[in-house]
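Reading through the structure tokens given below for one structure.
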Amino acid sequence: MELKCNNLTKQFGHFTAVDHLNLTMTNGVYGLLGVNGAGKTTLMRMLCTLMHPTSGTITCNGKDIFQMDNDYRNLLGYLPQEFGFYPEFTVRDYLMYIAALKGVRTVVAKKRVRELIEQVGLSKVGNKKMKKLSGGMKRRAGIAQAMLNDPKILILDEPTAGLDPNERIRFRNLISELSEERMVLLSTHIVSDIEYIANEIWLMKDGKLVQSGTSKKLIQSMPVSVWQVVVDKSFVSSMMRKYKISNIKTESDGVEMRIISKEKPFPDSRRIEASLEDVFLYYFGEKAGDGHDEV
66 MELKCNNLTK
76 QFGHFTAVDH
86 LNLTMTNGVY
96 GLLGVNGAGK
106 TTLMRMLCTL
116 MHPTSGTITC
126 NGKDIFQMDN
136 DYRNLLGYLP
146 QEFGFYPEFT
156 VRDYLMYIAA
166 LKGVRTVVAK
176 KRVRELIEQV
186 GLSKVGNKKM
196 KKLSGGMKRR
206 AGIAQAMLND
216 PKILILDEPT
226 AGLDPNERIR
236 FRNLISELSE
246 ERMVLLSTHI
256 VSDIEYIANE
266 IWLMKDGKLV
276 QSGTSKKLIQ
286 SMPVSVWQVV
296 VDKSFVSSMM
306 RKYKISNIKT
316 ESDGVEMRII
326 SKEKPFPDSR
336 RIEASLEDVF
346 LYYFGEKAGD
356 GHDEV
């Protein structure tokens, strides 16, 4: 299966949220990485046919998804950043209700709900009301509802928002498991969510893709170096104004800084291996005093 965006553009008045985007997806995990306001949610809403593009096309196996209508939606599972639920419903009742809305036959739905509750780790709370669930458990229920129709295309918008580290690890493992036979697009601004599970990562800024590739390729393509140095506390403010700093750690002999820079920032700086987090800061971060200037 192939999902393709060709010169996809979405404008709201004079504001361009998605700007002539070209993407191609097949089976696997795709990570869409960018700060809030980059256009990620707008892109996902268009991919889910919840919003029409201003121009450009989205095709599934060569067919326009808006012309495919229900044939396309039957292939689709979607977890929005905020999803609605009836707080008095139990997890099981909620999933059965969503299954009915999706047109899943009752006998099939019962079996599917039972399987998904176990798969996402909600077996112990299946009869618990949705309002009683923790944030992490609600997100698991959200993933389960997106999977009810066994979708071939799974779109997840900021799925780990509000989750603790253990929940995020569990979520990443679940996504890896779910991606074996389907296409998964995961939008986030949390680097660790996609660093190890995405087959391809897209960096999105101001509605455009600024870079794409595997985690390793993105790190290798960064046109600057990462440096580590311990400096006196008196240098910290001036260094932060001049450079992008990905980490600051106070030590007994000064302040250890991780600096992204083309040139060597300090005489005794040593070059170290870059990470995907450094790549994120290079494209999306700001130096102190930059305000909202372009990076």
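The letter at position 232 of the sequence shown is residue 297 when you use the numbering used here, and the numbering goes up by one with no holes. Glycine is no exception: its CB is placed at the ideal position from the N, C-alpha and C atoms.
Beta strand (DSSP E) segment containing residue i, residue limits
| i | result |
| --- | --- |
| L228 | Segment: none, L228 is in no beta strand (DSSP E) and carries neither H nor E. |
| A82 | F80 to M90 |
| T74 | L68 to F77 |
| T253 | M248 to T253 |
Integer-rounded CB distance, given that residue j should sit under 8 Å from residue i
| i | j | result |
| --- | --- | --- |
| C113 | I240 | Not confirmed; about 18 Å, so no contact. |
| H254 | L98 | 7 Å |
| E246 | N92 | 7 Å |
Inter-residue spacing [alpha-carbon to alpha-carbon] between residue i and residue j
| i | j | result |
| --- | --- | --- |
| R335 | K327 | 13 Å |
| K105 | K309 | 24 Å |
| M111 | D134 | 13 Å |
| K75 | S252 | 18 Å |
| N238 | V249 | 13 Å |
| G78 | A103 | 17 Å |
| G207 | Y143 | 9 Å |
| S340 | R204 | 28 Å |
| E242 | S120 | 35 Å |
| Q132 | L115 | 13 Å |
| Y347 | K270 | 12 Å |
| V289 | I325 | 7 Å |
| G354 | E183 | Bear in mind that a pLDDT of 47 at G354, under 50, signals an unreliable position, so the model cannot answer this. |
| K128 | E223 | 28 Å |
| Y95 | I337 | 28 Å |
Which of helix, strand or coil DSSP assigns to residue i
| i | result |
| --- | --- |
| Q293 | strand |
| G319 | strand |
| G207 | helix |
| F154 | coil |
| E265 | strand |
| M287 | coil |
| I123 | strand |
| D222 | strand |
| G93 | strand |
| R335 | strand |
| L274 | strand |
N-terminal and C-terminal residue of the alpha helix (DSSP H) that residue i is part of
| i | result |
| --- | --- |
| D215 | No alpha helix (DSSP H) contains D215, which DSSP labels as neither H nor E. |
| R138 | N135 to R138 |
| L144 | First-last for L144: L141 to L144, but that is the beta strand (DSSP E), not the alpha helix (DSSP H). |
| R306 | V301 to K307 |
| L341 | L341 to F349 |
| V173 | T171 to Q184 |
| K327 | Counting along the chain, K327 falls outside any alpha helix (DSSP H), and DSSP gives it neither H nor E. |
| K193 | Unbroken run through K193: none, as it is neither H nor E. |
Residue i at chain C interface by Cβ criterion, 8 Å
| i | result |
| --- | --- |
| R179 | The question asks about chain C, but that chain is absent: this structure has only one protein chain. |
>> Can you confirm whether the stretch 182 to 195 touches the stretch 151 to 168 when touching is taken to mean that 3 or more C-beta pairs between the two stretches lie within less than 8 Å?
In response: yes
> Is it true that the stretch 138 to 150 meets the stretch 84 to 97, where meeting means three or more beta-carbon pairs spaced less than 8 Å apart?
Replying inline: no
> Counting Cβ pairs closer than 8 Å, one from the stretch 259 to 273 and one from the stretch 303 to 317, do we hit at least three?
Replying inline: no
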